[in-house]
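Trainee: Questions regarding the structure given below will be posed in turn.
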Amino acid sequence: MQEFAGKVAVVMGGGGVLGAAMARRFAREGMAVAIADFDKDALAATQEELLERGARVIAVETDISSGESVEALAARVGEELGGVHVLCNNVGINTRDVSIWTTTERDWQWAMGTNLWGMIHALRVFVPIMLEGGEEGHIVNTASTAGLAGRPGTGSYVVTKSAVLALSEVLWHELKQEEAAVSVSVLIPHIRGAVTRTRRPEEFTNPGQEDQAELDLERYHVRLAVSQSRTDYPTADEIAGHVVEAIQEDRFYIISRPDIGHAIARARAEAIVDGKAPPTAGMEYHQRHETDAPGQG
Numbered sequence: 002m003q004e005f006a007g008k009v010a011v012v013m014g015g016g017g018v019l020g021a022a023m024a025r026r027f028a029r030e031g032m033a034v035a036i037a038d039f040d041k042d043a044l045a046a047t048q049e050e051l052l053e054r055g056a057r058v059i060a061v062e063t064d065i066s067s068g069e070s071v072e073a074l075a076a077r078v079g080e081e082l083g084g085v086h087v088l089c090n091n092v093g094i095n096t097r098d099v100s101i102w103t104t105t106e107r108d109w110q111w112a113m114g115t116n117l118w119g120m121i122h123a124l125r126v127f128v129p130i131m132l133e134g135g136e137e138g139h140i141v142n143t144a145s146t147a148g149l150a151g152r153p154g155t156g157s158y159v160v161t162k163s164a165v166l167a168l169s170e171v172l173w174h175e176l177k178q179e180e181a182a183v184s185v186s187v188l189i190p191h192i193r194g195a196v197t198r199t200r201r202p203e204e205f206t207n208p209g210q211e212d213q214a215e216l217d218l219e220r221y222h223v224r225l226a227v228s229q230s231r232t233d234y235p236t237a238d239e240i241a242g243h244v245v246e247a248i249q250e251d252r253f254y255i256i257s258r259p260d261i262g263h264a265i266a267r268a269r270a271e272a273i274v275d276g277k278a279p280p281t282a283g284m285e286y287h288q289r290h291e292t293d294a295p296g297q298g
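So the sequence shown is numbered by the working numbering: it starts at 2 and just counts up by one.
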């Protein structure tokens with residue numbers, strides 16, 4: 002896909018740092034943009050910014066863990082903007098730093114609902130629309146280095162982001178098998194000044210942990226401060242530029258810090274080939290760069 006002007010982009014997580022950057026870049030390329038997010042205040046802020054820039058934009062409050070909500074989003078896009086040419090599934094939340102066996106059912110439900118089911122709903126709803134449109138299109142699914150190597154204390158995040166990577170690989174093969182004009186990329190970002198949001202909906206609050214929202218917010222600000230200090234990480238706007246380039250090149254893997262992503266992937270592959278345990282080097286590398294991943298929130 003080479004031309005963007007006059008076409009339509011749908012950006013999930015449009016209220017987040019990376020989602021807003023993607024929306025800005027697509028608007029700059031001359032696209033109409035639909036932004037979706039569960040955070041109506043953040044969504045409104047992104048919409049206002051884009052309107053001030055002269056963009057054609059609609060903002061739709063969306064619960065991506067709900068298939069019906071995603072279907073309603075698609076209906077709005079169809080009514081107000083027309084077909085869909087670019088879909089950015091920029092979704093992701095991070096739960097508490099706990100072990101697999103102490104991660105609660107509600108922790109799992111929250112992570113799976115947003116990080117995995119949100120992706121599944123978006124693909125189930127929008128891929129048929131894109132295929133039926135018969136035009137060139139591209140899908141970008143946001144994963145994480147957590148999908149390449151696990152890190153203790155982040156089980157639900159690692160599991161769901163690993164699934165996003167696998168889902169994207171299967172989707173790539175299926176689209177090629179269909180000889181579709183639509184292709185797919187998977188984004189593995191390290192972003193300066195952005196981390197996964199952690200605002201937990203009330204229905205996923207653990208019994209006896211009613212202060213979890215405050216603790217999540219405190220942890221978020223600590224991680225954000227670390228991320229903002231990482232001058233070796235690209236900004237969200239720079240990553241949005243990488244996304245546009247990857248779409249034009251039809252490149253599957255978009256790794257914002259190849260030195261990190263390649264080192265982790267190589268260490269894991271070597272461990273598999275050699276029949277060894279999961280590489281500690283990969284996990285240590287991941288721990289030193291733990292502020293990757295944007296997410297819808």
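Glycine included, every Cβ here is placed at the ideal spot set by N, Cα and C.
Predicted model, so just to flag it, every value in this text is computed and none were measured.
Which residue wins for smallest C-alpha separation from residue 248, given the options 192, 258 and 142?
Mentor: In the sequence shown, residue 248 corresponds to position 247, counting from 1. Nearest option by C-alpha distance: 142.
Trainee: Roughly how many angstroms lie between the CA atoms of residue 69 and residue 135, to the nearest whole one?
Mentor: By one-based count along the sequence shown, residue 69 stands at place 68. By one-based count along the sequence shown, residue 135 stands at place 134. Residue 69 and residue 135: Cα-Cα distance of roughly 25 Å.
Trainee: Name the DSSP beta bridge partners of residue 184, please?
Mentor: The residue labelled residue 184 in the question sits at position 183 within the sequence shown. Answer by DSSP bridge pairing, in chain order: 139.
Trainee: What's the C-alpha gap between residue 260 and residue 27?
Mentor: Reading the sequence shown from its first residue, position 259 is the one you call residue 260. Reading the sequence shown from its first residue, position 26 is the one you call residue 27. Rounded to the nearest angstrom, the two C-alpha atoms are 27 Å apart.
Trainee: Verify whether the separation of the beta carbon atoms of residue 300 and residue 144 is less than 8 Å.
Mentor: There is no way to answer for residue 300, as the model of the chain reaches only from 2 to 298.
Trainee: Can you give, in chain order, each stretch of the beta strand (DSSP E) that sits fully within the segment 32-66 and has at least 3 residues?
Mentor: The qualifying runs are 33-38 and 58-62.
Trainee: In this structure, does DSSP put residue 101 in helix, strand or coil?
Mentor: Locating residue 101 in the sequence shown gives position 100, where the first residue counts as 1. Helix at residue 101.
Trainee: What residues are listed by DSSP as bridge partners for residue 10?
Mentor: The residue labelled residue 10 in the question sits at position 9 within the sequence shown. According to DSSP, which records beta bridges pairwise, residue 10 is partnered with 34 and 87.
Trainee: Taking residue 55 as the reference, give the member of 29, 62, 11 and 85 with the closest Cα.
Mentor: By one-based count along the sequence shown, residue 55 stands at place 54. Nearest C-alpha to residue 55: 29.
Trainee: In three-state terms, what does DSSP make of residue 192?
Mentor: Along the sequence shown, read from residue 1 onward, the residue named residue 192 stands at position 191. Looking at residue 192 - three-state DSSP - the assignment turns out to be coil, as it is neither helix nor strand.
Trainee: Which of helix, strand or coil does DSSP assign to residue 96?
Mentor: Taking the sequence shown and counting its residues from 1, one reaches residue 96 at position 95. Note: residue 96 maps to coil in three-state DSSP.
Trainee: First and last residue of the alpha helix (DSSP H) that includes residue 158?
Mentor: As a working mapping, residue 158 is identified with position 157 in the sequence shown. From DSSP, the alpha helix (DSSP H) with residue 158 extends over 156-178.
Trainee: Would residue 172 pass as a contact of residue 127 if the rule is Cβ separation under 8 Å?
Mentor: Working through the sequence shown from its first residue, we reach residue 172 at position 171. Working through the sequence shown from its first residue, we reach residue 127 at position 126. No. Outside cutoff.
Trainee: Out of curiosity, what's the CA-to-CA distance linking residue 103 and residue 13?
Mentor: To locate residue 103, count along the sequence shown from 1; it is residue 102. To locate residue 13, count along the sequence shown from 1; it is residue 12. Approximately 30 Å between the Cα atoms of the pair.
Trainee: State buried or exposed for residue 51, treating a residue as buried only when at least 16 other CB atoms are found within 10 Å of its CB.
Mentor: Translated into positions along the sequence shown, residue 51 becomes position 50. The residue is buried, with at least 16 neighbouring Cβ atoms inside 10 Å.
Trainee: Where does residue 2 fall in DSSP's three states?
Mentor: Position 1 of the sequence shown, counted from the start, is the residue given in the question as residue 2. Three-state result, residue 2: coil.
Trainee: From which residue to which residue does the alpha helix (DSSP H) around residue 70 run?
Mentor: On the sequence shown, position 69 is the one that residue 70 refers to. First-last of the alpha helix (DSSP H) with residue 70: 68-81.
Trainee: Could you check where the beta strand (DSSP E) with residue 254 kicks off and where it finishes?
Mentor: Translated into the one-based positions of the sequence shown, residue 254 becomes position 253. Run containing residue 254: 254-256, per the beta strand (DSSP E) assignment.
Trainee: When we look at the beta-carbon of residue 1 and count the other beta-carbons within 10 Å, is it buried (16 or more) or exposed?
Mentor: For residue 1 there is no data in the structure shown, the boundaries of the chain being 2 and 298.
Trainee: Could you check what DSSP says for residue 228 in three-state terms: helix, strand or coil?
Mentor: Here residue 228 refers to the residue found at position 227 when the sequence shown is read from its first residue. Only weak support exists for where residue 228 lies, its pLDDT of 46 falling under 50; the coordinates are left without a value.
Trainee: Taking the straight line between their C-alpha atoms, what separation do you get for residue 74 and residue 266?
Mentor: Taking the first residue of the sequence shown as 1, we reach residue 74 at position 73. Taking the first residue of the sequence shown as 1, we reach residue 266 at position 265. Taking the straight line joining both Cα atoms gives about 35 Å.
Trainee: Which first and last residues belong to the alpha helix (DSSP H) in which residue 19 is found?
Mentor: Here residue 19 refers to the residue found at position 18 of the sequence shown. Unbroken alpha helix (DSSP H) run through residue 19: 18-29.
Trainee: Determine, using beta carbons only, whether residue 20 and residue 38 come nearer to each other than 8 Å.
Mentor: As a first step, residue 20 must be located in the sequence shown, where it is residue number 19. As a first step, residue 38 must be located in the sequence shown, where it is residue number 37. Against a cut-off of 8 Å, the Cβ pair of residue 38 and residue 20 comes out as a contact.
Trainee: Taking DSSP as the reference, what is the three-state secondary structure of residue 236?
Mentor: Numbered from its first residue, the sequence shown carries residue 236 at position 235. Three-state DSSP puts residue 236 in coil, outside helix and strand.
Trainee: Quick one: what's got a C-beta closer than 6 Å to residue 258's C-beta in the same chain, skipping five residues either side?
Mentor: To locate residue 258, count along the sequence shown from 1; it is residue 257. Within the same chain, residue 258 has close Cβ partners 191.
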